[in-house]
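Chemist: Residue numbers (numbering that gives the first Met the number 0), protein chains in the order written: chain A, 0 to 239; chain B, 0 to 239; chain C, 0 to 239; chain D, 0 to 239. Glycine included, C-beta positions come from ideal geometry on N, C-alpha and C.
4 protein chains.
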Amino acid sequence: MANTLYSGPAFDSSELRELKEKLVDAAHILDHEGITDGFGHVSARIVNNQAFITLAGVSPGCATVDRLVMLDFDGNYLGGEKAPPYEWPIHACILQARSEVMSVCHTHSKWSSLFSVLKGGLRPIHMYAKFLPSSGPPIYPAAGLVGTVQRGAALAAALKDSAAVLMRAHGDAVVGASIEQTLLRTMQLSFLGELAHMAVAHGEPIYLTEAELATFSADQAFPARPWEYYLSRIRERRSS
Amino acid sequence: MANTLYSGPAFDSSELRELKEKLVDAAHILDHEGITDGFGHVSARIVNNQAFITLAGVSPGCATVDRLVMLDFDGNYLGGEKAPPYEWPIHACILQARSEVMSVCHTHSKWSSLFSVLKGGLRPIHMYAKFLPSSGPPIYPAAGLVGTVQRGAALAAALKDSAAVLMRAHGDAVVGASIEQTLLRTMQLSFLGELAHMAVAHGEPIYLTEAELATFSADQAFPARPWEYYLSRIRERRSS
Amino acid sequence: MANTLYSGPAFDSSELRELKEKLVDAAHILDHEGITDGFGHVSARIVNNQAFITLAGVSPGCATVDRLVMLDFDGNYLGGEKAPPYEWPIHACILQARSEVMSVCHTHSKWSSLFSVLKGGLRPIHMYAKFLPSSGPPIYPAAGLVGTVQRGAALAAALKDSAAVLMRAHGDAVVGASIEQTLLRTMQLSFLGELAHMAVAHGEPIYLTEAELATFSADQAFPARPWEYYLSRIRERRSS
Amino acid sequence: MANTLYSGPAFDSSELRELKEKLVDAAHILDHEGITDGFGHVSARIVNNQAFITLAGVSPGCATVDRLVMLDFDGNYLGGEKAPPYEWPIHACILQARSEVMSVCHTHSKWSSLFSVLKGGLRPIHMYAKFLPSSGPPIYPAAGLVGTVQRGAALAAALKDSAAVLMRAHGDAVVGASIEQTLLRTMQLSFLGELAHMAVAHGEPIYLTEAELATFSADQAFPARPWEYYLSRIRERRSS
């Protein structure tokens, strides 16, 4: 830990307990809803710090509070299980580039994988796209896992100021102002992909314009409702 | 409650107990069968009254008899949880416009969302469409959640005398003479969408004519059987 | 029962107990594997008799040994619950026309419903089609539920000497030398439909010739293995 | 056992216990993940021997350590249940031809069945294809179950030095350096098939080049993580 400037709460502090539990919940939800297979991870920034917690080397469906790891943005180990995910730069580089982002989710979602290799991109045809531009998410075009800071910085540059980026032949990365929002966006990106895939069979659909997306965005949002819903589904599973 | 003319049974009266339980069952069925995600609601008219009960601000899969709300057609609160759904005008305006309708269901069904943005509409190719015209359901074309009476009235006008209306980039609204019928129609509309989607890959299918739909309509119907079936599936879940 | 010539074992006799249990198992399997929704039925001939047992007015997933009915081929009631299925002529007319058939299954299978309205039919591209001709199953073209002996006879004529018939805008009817074989064929017809549907997106697939189907047919078959398998899946559900 | 040269550990020896349990786990995973229906089998070579263990005549979902069989490469019985699978030559002939292969998996996977009859083959568009050539897996073109050594040798010749071979109108055979690797490749082949199927609707996708596949291959792999994940899913099922 010699080179880190981190001076926030310790990994094992009670202050971080709720955050860690929410990360585990988010990982289980991604698994339960079929977004992740054996791979993928979700992270959360430590408030006001250049550091984050994410899954250690474990599948989202097998995550526990003891199988998390805390790192700073250079990848220095700050606590938890000593097995950082190979693609930790996805989280570090995006969180560094986007100070308002509090959580990053990376998956091999089937629908994001599909649209990551299509020339036409993923154009919105449903109101759930209100967190996206009307041209759809950008695509990070390079091959290879994001296992270096160089690749992570290129990914963050591709993401730019968007809420999601597709990763070619690989999957996606999605960001948000909270774990809940990042999770919901990841779910909705998957739904948008499925819809856009199906629509293509029918000739040109009626895409949403920027103005229409703005109309939907102006309406009330319900961040707490779907989170409660997805939680209820994994708790049902745990108790059965 | 100052401005309401409502004089029917109170929300907590035993008279409404069965209706409220049936609404909760319907919500759980929609969730269990994969029609709703974290959003959507189903309502029932209070017999002979300008009022209805629907889900309060809760996902269908998390509904309980304590998380319902009773409103009149102007949106005045009449009982239950004090959190009317943002899109209460869907129910109020349709129930007002269609006095024979006893129940309204609104979902973001994947298949309705798809056909809501396709230029060709959803033409029937299966007998389950016997509650629809042979040209398929109308489409409400405006962007934005139906959070005002003005939008609700426009939706009711688009529905007109049909049993279902697709809502562009959004989902659907389905009506019926009972909660059971509305639920079954919502399920069947989803099935019809899936079939019509698949058919398009194979060249022009053999659509049903009005006369053929009428032949199917003339045959016996079994409203009680699928309701018993769907109930058995959610009860199995509850007891596992 | 005045007009029946039936003189076989009584509905409640121990002789028929195993047959009735197997019918209920088959119904539950159809439900569990997603072939049936709230509708559909499976029947079995009473050996050496012009009579059969099938589901009474109940969804396959809700079937029990007490919710079966025994009828002769004219529809005369011979025992069990007094609610014959509306489409009993499907079973009566096919069993009458095909003396070697011991069991008939009728479902609204999604894939059969799809191919029932397509002009190209369902041509085999997988070895599971070895019970079908290389041109695929015939299609019964009329609208309307098969609620009369006249319609049932027309359906049997469309089936002719095939193992399956698609029913336009409705579903399918499948026959076999045992409940097990009929069930497996129903499952495999569904799989064949899904494959044929997917293949169409890729240009003309390499269809199986009669000679190739015959090569597969000449190989060993395993009727007991999938039955054991499907049974294990519904028993797992029952005990959970 | 007169003609066998086998001199390795006995089927019931404690030395083989772990291997047998892993085979059963792999079979249950294939079933749970929807790769196998009532058919298919997975095998493992006895280290340094011309012999292997595989499922006896049982569906993967019903496999137990008592329903396995040990055979040499001529099909001589060496222990376990006396019901070798009809297609034992799939395993014997591939293991004989490829001395580095430790495990073979044969399924009727929906996606492999599909691409086995398509003229264009299954070209990789996702990094999971790093175990495949950029032109996709070869196709064994003959009709008929692989129930003879002659057919098994032809299948091994079609596989050649690939990690997977599609079997026309039938399914696939996949090989690996361990049961875990073979299982994961079987799962990923299925995912690749689904992606390639969906992509075709959108016009030519951006395929992966050999160089790009090599870039992905050079990155870290996680064989233990998905195995732990898939195990957790079947254990959850067993304990519910």
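Quick one: which residues of the stretch 154-176 of chain B get their C-beta closer than 8 angstroms to a C-beta of chain A? List them in chain order.
Modeler: Arg167, Ala168 and His169
Chemist: Is there a C-beta anywhere in chain B that falls below 8 angstroms from the one on Gly260/C?
Modeler: Outside the modelled stretch of chain C, which goes from 0 to 239, sits residue 260/C, for which no answer is possible.
Chemist: Let me check understanding here. Comparing Cα to Cα, which of Leu22/A, Ala200/A and Met186/A lies closest to Ser61/A?
Modeler: Inspection of the sequence shows that residue 61/A is occupied by Cys rather than by Ser. Minimum Cα distance to Cys61/A is reached at Leu22/A.
Chemist: Quick one: residues in its chain with C-beta nearer than 8 angstroms to the C-beta of Met0/A, no 5 flanking neighbours on either side, listed in chain order?
Modeler: Low confidence applies to Met0/A: its pLDDT is 49, below 50, so where it sits in the model is not reliable, and the reading given next is rough at best. Closer than 8 angstroms at Cβ, skipping near neighbours: Asn75, Tyr76 and Leu77.
Chemist: Between the beta-carbon of Ser102/A and the beta-carbon of Gly175/A, is there less than 8 angstroms?
Modeler: yes
Chemist: Taking Phe72/B as the reference, give the member of Ile89/B, Ser58/B and Glu80/B with the closest Cα.
Modeler: Ile89/B
Chemist: For my contact list, Leu165/C and Ser216/C are in at a C-beta cut-off of 8 angstroms; report their separation, rounded to the angstrom.
Modeler: Not confirmed; about 21 angstroms, so no contact.
Chemist: Taking a Cβ distance cut-off of 8 angstroms, strictly less, list which residues of the stretch 56-72 of chain B are near chain A, in chain order.
Modeler: Correct list: Gly56, Val57, Ser58, Gly60 and Cys61.
Chemist: Quick one: list the residues of chain D neighbouring Tyr76/A, beta-carbon separation under 7 angstroms, in chain order.
Modeler: Per Cβ cutoff of 7 angstroms: no residues; Tyr76/A is ~17 angstroms from chain D at best.
Chemist: Could you check what DSSP says for Ile205/C in three-state terms: helix, strand or coil?
Modeler: Coil.
Chemist: Alpha helix (DSSP H) containing Ala168/A: first to last residue?
Modeler: It is not in any alpha helix (DSSP H) - Ala168/A carries neither H nor E in the DSSP assignment.
Chemist: Buried or exposed: Glu14/A, going by 16 or more other Cβ atoms within 10 Å of its Cβ?
Modeler: exposed
Chemist: Examine the Cβ distances between the stretch 147-159 of chain A and the stretch 198-207 of chain A and report whether three or more of them are shorter than 8 angstroms.
Modeler: no
Chemist: Along the chain, where does the alpha helix (DSSP H) containing Phe190/A start, and where does it finish?
Modeler: Per DSSP, the unbroken alpha helix (DSSP H) holding Phe190/A starts and ends at Ile178 to Ala198.
Chemist: DSSP beta-bridge partners for Asp71/C?
Modeler: Per DSSP, Ala50/C.
Chemist: Using the C-alpha atoms, what's the distance from Tyr228/D back to Glu235/D?
Modeler: Each residue's alpha carbon lies about 11 angstroms from the other.
Chemist: Along the chain, which unbroken stretches of the beta strand (DSSP E) at least 3 residues long are found entirely within the stretch 90-153 of chain A?
Modeler: Counting only unbroken stretches of 3 or more residues, the beta strand (DSSP E) elements lying wholly within the stretch 90-153 of chain A are 102-106, in sequence order.
Chemist: Just tell me which of Ile233/A, Arg224/A and Arg232/A has its CA closest to the CA of Val57/B.
Modeler: Arg224/A
Chemist: Beta strand (DSSP E) containing Tyr76/B: first to last residue?
Modeler: Start and end: Tyr76 to Gly79.
Chemist: Would Ile205/D count as contacting chain A if we go by Cβ distances under 8 angstroms?
Modeler: yes
Chemist: Report all residues from its chain with a CB closer than 7 angstroms to the CB of Val64/B; omit the five preceding and five following residues, and keep chain order.
Modeler: Lys19, Glu20 and Val23
Chemist: Let me check you understand the geometry: is the CB of Ala152/A closer than 7 angstroms to at least one non-hydrogen atom of the ligand MG?
Modeler: This structure lacks the ligand MG; in fact it carries no ligand of any kind.
Chemist: Determine the burial state of Ala172/A: buried for a count of at least 16 other Cβ atoms within 10 Å of its Cβ, exposed for fewer.
Modeler: buried
Chemist: If Ala163/A and Glu211/D are in contact, beta carbons under 8 angstroms, what's the gap, nearest whole angstrom?
Modeler: Not quite, the Cβ-Cβ distance comes to about 23 angstroms (not below 8 angstroms), so this is no contact.
Chemist: Starting from Ala43/B and walking both ways along the beta strand (DSSP E), at which residues does that stretch end?
Modeler: His40 to Arg44
Chemist: If you compare alpha carbons, which of Ala55/A, Ile178/A, His125/A and Gln187/A is closest to Lys109/A?
Modeler: Gln187/A
Chemist: Which bits of chain C does Ala200/D rub up against, with CB to CB less than 9 angstroms?
Modeler: Ala200
Chemist: Take Ile233/A and list the residues in its own chain whose beta-carbon comes closer than 8 angstroms to its own, dropping the five residues that flank it on each side.
Modeler: The beta carbon of Ile233/A sits closer than 8 angstroms to the beta carbons of Asp24, His27, Ile28 and His31 from its chain, once the five residues preceding and following it are set aside; these are given in chain order.
Chemist: Just to confirm my understanding: we take Pro137/B, look at its own chain, exclude 5 residues before and 5 after, and list those with CB closer than 8 angstroms. What are they?
Modeler: Ala157, Leu158, Lys159, Ser161, Val164 and Leu165
Chemist: I want to see whether chain A comes within less than 8 angstroms of Val116/B, judged by CB atoms only; does it?
Modeler: So yes, Val116/B belongs to the interface.
Chemist: Does any residue of chain D bring its CB to less than 8 angstroms from the CB of Gln219/C?
Modeler: yes
Chemist: So is Glu86/D buried or exposed if we call it buried at 16+ other beta carbons inside 10 Å?
Modeler: buried
Chemist: Of the choices Gly202/B, Phe51/B and Ala96/B, whose alpha-carbon is the least far from that of Gly7/B?
Modeler: Phe51/B
Chemist: Using the beta-carbon of each residue, which ones in chain C are nearer than 9 angstroms to Arg224/B?
Modeler: Gly37, Phe38, Gly56, Val57, Ser58 and Cys61
Chemist: Is Leu18/B close to chain C? Criterion is C-beta to C-beta, closer than 8 angstroms.
Modeler: Not an interface residue.
Chemist: Give the residues from the stretch 115-144 of chain B that approach chain A closer than 8 angstroms (Cβ to any Cβ), ordered along the chain.
Modeler: From the stretch 115-144 of chain B, only Val116, Leu117, Lys118, Gly119, Ala142, Gly143 and Leu144 have a Cβ closer than 8 angstroms to chain A.
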